[in-house]
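Peer 1: Numbering (mature numbering (1 follows the signal peptide of the UniProt record, and there is no 0)), first residue to last: -24 to -1, 1 to 591.
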C-alpha cells in the first residue's frame, strides 16, 4: 500500500465517527489526492499565515484576518493551546480570548480556510510548549511520551477540543482543512507508539479530516517524526536557494504527497539580554516567490506574532543555558505586534499578487491599526510585596523546599520564608533556582540569583531570629527540549548555609491572579520588591500604545486588570504593548510590580516600540 492510499484509508476510517447521514449531507470539499491538495476537486495551493488566538486580543481577530486576506493569503493556521484551554485538570476554558471555535468561525466569515495544530505539544515559544504545568504535579510523569498518565490527559484534551472544533471541520462543511499530529517530534524523539497513540486520540476526538506532521527538513528529522500515511511538511527559513535545497533534501519523505512548508519563518523571536531579531524582507519574499513558482503550499510563521501576555512566554535551553523568551512576540512579522502594516507586508502582497490564479483579485489593504502616545504619568502609590503578603497568599509549611507545582501553583512567583533559629554565616547555596530569586533578610534585599547565569550562591552573615525570604519568579518554562521533564519552578532542591540544610519553611504561593486587595499608600519607599500604582485619563481611545519601561528594572505590569507581561532592563524589549481594546475612555489604572527598589516610578506611552539591550 502506498503512503497516499494509506492516508486516504486512514481518513475514510476516521470518518466512521460521523453518522452516514451527516456525511451525505456535507461531503468533504478538501482532499489529498495524487500528490495534490484538492479543494472542490481542483488543485489547491495553500497560502497560509499563522496567528494565535491567545496572543491577539479577541477584539482584533477580524482585523488581522482581513489583513491576511488582503495580503493574498487564503488560510489561517493556529495552534490549539492546551494549557490556556485546560488551566486545571478537567476544568476547561473556551471563553473570551480562549474561544478557538469563535476564532475559526471568524476566519470562515472572512472567507479564509483554517489549519489547526492541536498538539498536545506546540512549542511556539509558549510556556511549557503549551502543555499544562499541572502535569508536573505528578512525580515522574514524562510529557510527550507513552507514559499512560500523560496519554490519559491528552485523550481528555482531544475529546474536549473535538467538541469545540468537530462541527467546523471540512468534512462537515466547515473551514478547517487539516489538523496536525504532535509538532516537530523528530527533534526530540522517535517513539512510534506515542505518535500512533496521539493520532488515534485525535481521530477518536472527531478529527476525521486529513492529518499531517511537521518536522525539520531532510530525512533524519522527518523519518523520526512522521507516521506512514500522513502528509509530511517541513519547517525552515532561508532564501530561494535554501528553500529549493530544503525541498530537494526532503523529497524522499514527501513522495506522492503535496509539498508544503508547514512553517516558513518570516522573522524570529527575541530572548532577554540578546539583540533584537529581524529577517530580511528580500530573503523571505524571494523564498515565497520560489514556492509559488513551483505550486508549493506554505504557512508563513508568523503572519502576526502578537504578544506573550501574562506569564505565557516560553524559554529555550541551549547547552544547559536557560534563555527565557520576551513578552513581545512581534517576530518581525508582516503585521507587527500592534496590528500595523509593515514594508514586509507590502512586499509579500506584491509577490503573492503576481502569482494569483486567474480570476482571483486582492482586496484593498485595510488601514494600519493606530497607535498613540500618552503623556508621562506618575505611579505615586506603593506597597511592599512583603507587606502585602497576608492579602495575597496563605502560607503552607514544608520540611524542605519544593517547586511551586507541589503547592498547586502553575505560574507567577513563590516565596520561601524561614526564621533562623541560630546564626547563619557563610555561603547561602540555593539548589536549584528556577528561575530568578530575590534574597531578603528582615525585608532588606541581599542580592539576586539568576538561573540563566548559573547563579546559586550568596555570602551571608545572619543572626538568629532573622527572617530569611527567598522570592522566586517563574520566568517561563522551557518550550522544547528533553529538559522539559525537569521544569518545576521555584526552589527545586534544597537551601544550605555553609553546607548545612535549612529546613522547616513557610511557603507563600503568589500566582498574582487578583491584585484588587492591594492597600496602596502615597509617599512610601519600599526597599525590595513592591507594587506601584498610578493612573491616567483618556478623552477617547484612539489606538493602542507602548508603555515605556525604561528607567524601571525588572517586573510585571497590569493595566485595567489585564496582565501585559514582563519587562526587564536587560532588553531587547523596553516597552510593553497595550491593545486599544484594553484601554478605557476616562480613567485607566496601572499597577507595576518592580522587583528592585530605586529607579523610575513614571511611565509614558509611545507610538512605537523600543528595542535595545543594556540598562
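C-beta atoms are modelled at their ideal positions from N, C-alpha and C, and glycine is treated no differently.
Around the Cβ of residue 411, are there at least 16 other Cβ atoms within 10 angstroms (buried) or fewer (exposed)?
Peer 2: As a working mapping, residue 411 is identified with position 435 in the chain shown. The residue is buried, with at least 16 neighbouring Cβ atoms inside 10 Å.
Peer 1: What's the gap between the Cα of residue 354 and the Cα of residue 211?
Peer 2: The residue labelled residue 354 in the question sits at position 378 within the chain shown. The residue labelled residue 211 in the question sits at position 235 within the chain shown. About 46 Å.
Peer 1: Using a 10 Å radius around the Cβ and a threshold of 16 neighbouring Cβ atoms, would you call residue 579 buried or exposed?
Peer 2: As a working mapping, residue 579 is identified with position 603 in the chain shown. Residue 579 is buried by the Cβ-count criterion.
Peer 1: Please return the same chain residues whose Cβ sits closer than 6 Å to the Cβ of residue 443, not counting the five positions on each side in sequence.
Peer 2: Within the chain shown, the letter at position 467 stands for residue 443. The residues are 395 and 418.
Peer 1: Using 8 Å as the threshold, is the segment 533 to 540 in touch with the segment 318 to 338, meaning 3 or more CB pairs across them?
Peer 2: no
Peer 1: Give the secondary structure of residue 217 by DSSP, where H, G and I count as helix, E and B as strand, and everything else as coil.
Peer 2: As a working note, residue 217 is residue 241 in the chain shown. Of the three classes helix, strand and coil, the one that applies to residue 217 here is helix, per DSSP.
Peer 1: Expressed to the nearest angstrom, what Euclidean distance is found between the alpha-carbon atoms of residue 558 and residue 400?
Peer 2: Residue mapping note: residue 558 aligns to position 582 of the chain shown, counting from 1. Residue mapping note: residue 400 aligns to position 424 of the chain shown, counting from 1. Looking at the two C-alpha atoms, the distance is approximately 48 Å.
Peer 1: Give the range of the alpha helix (DSSP H) segment to which residue 260 is assigned.
Peer 2: Residue numbering aside, residue 260 sits at position 284 when the chain shown is read from its first letter. Annotation for residue 260: the continuous alpha helix (DSSP H) segment containing it runs 257 to 269.
Peer 1: Does DSSP put residue 51 in a helix, a strand or coil?
Peer 2: Numbered from 1 along the chain shown, position 75 holds the residue referred to as residue 51. In this structure, residue 51 counts as strand in the three-state DSSP scheme.
Peer 1: Return the CA-CA distance between residue 560 and residue 348, expressed in angstroms with no decimal places.
Peer 2: Start at 1 with the first residue of the chain shown, and residue 560 comes out as number 584. Start at 1 with the first residue of the chain shown, and residue 348 comes out as number 372. Roughly 14 Å between the two C-alpha positions.
Peer 1: The alpha helix (DSSP H) that contains residue 80, what's its start and end?
Peer 2: The residue given as residue 80 occupies position 104 in the chain shown. From DSSP, the alpha helix (DSSP H) with residue 80 extends over 76 to 85.
Peer 1: Alpha carbon to alpha carbon, what distance is there between residue 330 and residue 496?
Peer 2: As a working mapping, residue 496 is identified with position 520 in the chain shown. As a working mapping, residue 330 is identified with position 354 in the chain shown. Going by C-alpha positions, residue 496 is about 59 Å away from residue 330.
Peer 1: So if DSSP puts residue 326 in a beta bridge, which residue, or which two residues, is it bridged to?
Peer 2: Along the chain shown, read from residue 1 onward, the residue named residue 326 stands at position 350. Answer by DSSP bridge pairing: none, since residue 326 is not bridged.
Peer 1: Please classify residue 51: is it buried, with 16 or more other beta-carbons within 10 angstroms of its beta-carbon, or exposed?
Peer 2: If you number the chain shown from 1, residue 51 lands on position 75. Buried is the call here.
Peer 1: From this set, 134, 184, 532 and 171, which residue's C-alpha is nearest residue 145's C-alpha?
Peer 2: Here residue 145 refers to the residue found at position 169 of the chain shown. For the residues 134, 184, 532 and 171, the minimum Cα distance to residue 145 belongs to 184.
Peer 1: Give the straight-line distance between the Cα atoms of residue 176 and residue 302, rounded to the nearest whole angstrom.
Peer 2: Numbered from 1 along the chain shown, position 200 holds the residue referred to as residue 176. Numbered from 1 along the chain shown, position 326 holds the residue referred to as residue 302. Take the alpha-carbon of residue 176 and the one of residue 302: they are about 35 Å apart.
Peer 1: Assign residue 395 to one of three DSSP states: helix, strand, or coil.
Peer 2: Within the chain shown, the letter at position 419 stands for residue 395. Three-state result, residue 395: strand.
Peer 1: Looking at residue 586: is its Cβ nearer than 8 Å to the Cβ of residue 550?
Peer 2: In the chain shown, counting from the first residue as 1, residue 586 sits at position 610. In the chain shown, counting from the first residue as 1, residue 550 sits at position 574. Yes, these two residues count as a Cβ contact at 8 Å.
Peer 1: What are the partner residues of residue 424, as DSSP defines its beta bridges?
Peer 2: Counted from its first residue, the chain shown places residue 424 at position 448. According to DSSP, which records beta bridges pairwise, residue 424 is partnered with 414.
Peer 1: Count the C-beta pairs between the segment 303 to 320 and the segment 58 to 68 that are closer than 8 Å, then say yes if the count reaches three, no if not.
Peer 2: no
Peer 1: Provide the residue span of the beta strand (DSSP E) that contains residue 512, from first to last.
Peer 2: Here residue 512 corresponds to residue number 536 of the chain shown, with the count starting at 1. It spans 506 to 514 - the beta strand (DSSP E) in which residue 512 sits, taken as one unbroken run.
Peer 1: Please give me, in chain order, every unbroken run of the alpha helix (DSSP H) with length at least 4 that falls completely inside the segment 107 to 193.
Peer 2: Entirely contained in the segment 107 to 193, the alpha helix (DSSP H) runs reaching 4 residues are, in chain order, 124 to 141 and 168 to 180.
Peer 1: What residue does the beta strand (DSSP E) around residue 544 start on, and which one ends it?
Peer 2: Along the chain shown, one-based indexing puts residue 544 at 568. Taken as a continuous stretch (DSSP letters only), the beta strand (DSSP E) holding residue 544 covers 538 to 544.
Peer 1: Classify residue 358 as helix, strand or coil using the three-state DSSP reduction.
Peer 2: Counting from 1 along the chain shown, the entry for residue 358 is found at position 382. Three-state result, residue 358: strand.
Peer 1: Hey, residue 514 and residue 547 are a contact pair by Cβ (cut 8 Å); roughly how many whole angstroms apart?
Peer 2: The residue you call residue 514 lines up with position 538 of the chain shown. The residue you call residue 547 lines up with position 571 of the chain shown. In fact, because the Cβ distance is near 28 Å, the residues do not count as touching under 8 Å.
Peer 1: Mind the definition here: the segment 428 to 445 touches the segment 80 to 93 only if three or more C-beta pairs lie below 8 Å; say whether that holds.
Peer 2: no
Peer 1: Locate the alpha helix (DSSP H) running through residue 253, then write down its first and last residues.
Peer 2: As a working note, residue 253 is residue 277 in the chain shown. Where residue 253 is concerned, there is no enclosing alpha helix (DSSP H), because DSSP gives it neither an H nor an E.
Peer 1: Quick one: what's got a C-beta closer than 6 Å to residue 451's C-beta in the same chain, skipping five residues either side?
Peer 2: Within the chain shown, residue 451 is the residue found at index 475, counting from 1. Closer than 6 Å at the Cβ level, and outside the excluded window around residue 451, lie 300, 411 and 412.
Peer 1: Grouping DSSP H, G and I as helix and E and B as strand, with all else coil, what is residue 231?
Peer 2: By one-based count along the chain shown, residue 231 stands at place 255. Three-state DSSP puts residue 231 in coil, outside helix and strand.
Peer 1: Give the single residue among 102, 42 and 465 whose Cα lies nearest to the Cα of residue 342.
Peer 2: To locate residue 342, count along the chain shown from 1; it is residue 366. Checking every option, the nearest Cα to that of residue 342 belongs to 42.
Peer 1: Given that a residue counts as buried once 16 or more other Cβ atoms are within 10 Å of its Cβ, and exposed if not, what is residue -20?
Peer 2: Sequence index remark: in the chain shown, residue -20 carries index 5 (1-based). Unreliable positioning characterises residue -20 in this predicted model, as indicated by a pLDDT of 37, which lies under 50. A coordinate reading is not provided.
Peer 1: Using the DSSP secondary-structure output, state which residues sit across from residue 316 in a beta bridge.
Peer 2: Position 340 of the chain shown holds residue 316. BP columns for residue 316 are empty, so no partner.
Peer 1: Threshold first: 4 residues or longer. Then list the alpha helix (DSSP H) segments lying entirely within the segment 467 to 531, N to C.
Peer 2: none
Peer 1: Take residue 422 and list the residues in its own chain whose beta-carbon comes closer than 7 Å to its own, dropping the five residues that flank it on each side.
Peer 2: Indexing the chain shown from 1 puts residue 422 at position 446. The answer, listed in chain order, is 415, 416, 434 and 436.
Peer 1: Hey, would you say residue 490 sits closer than 8 Å to residue 362, going by beta carbons?
Peer 2: The residue you call residue 490 lines up with position 514 of the chain shown. The residue you call residue 362 lines up with position 386 of the chain shown. No, the pair does not count as a contact, with Cβ atoms beyond the cut-off.
Peer 1: State buried or exposed for residue 375, treating a residue as buried only when at least 16 other CB atoms are found within 10 Å of its CB.
Peer 2: In the chain shown, residue 375 corresponds to position 399, counting from 1. Per the 10 Å Cβ criterion, exposed.
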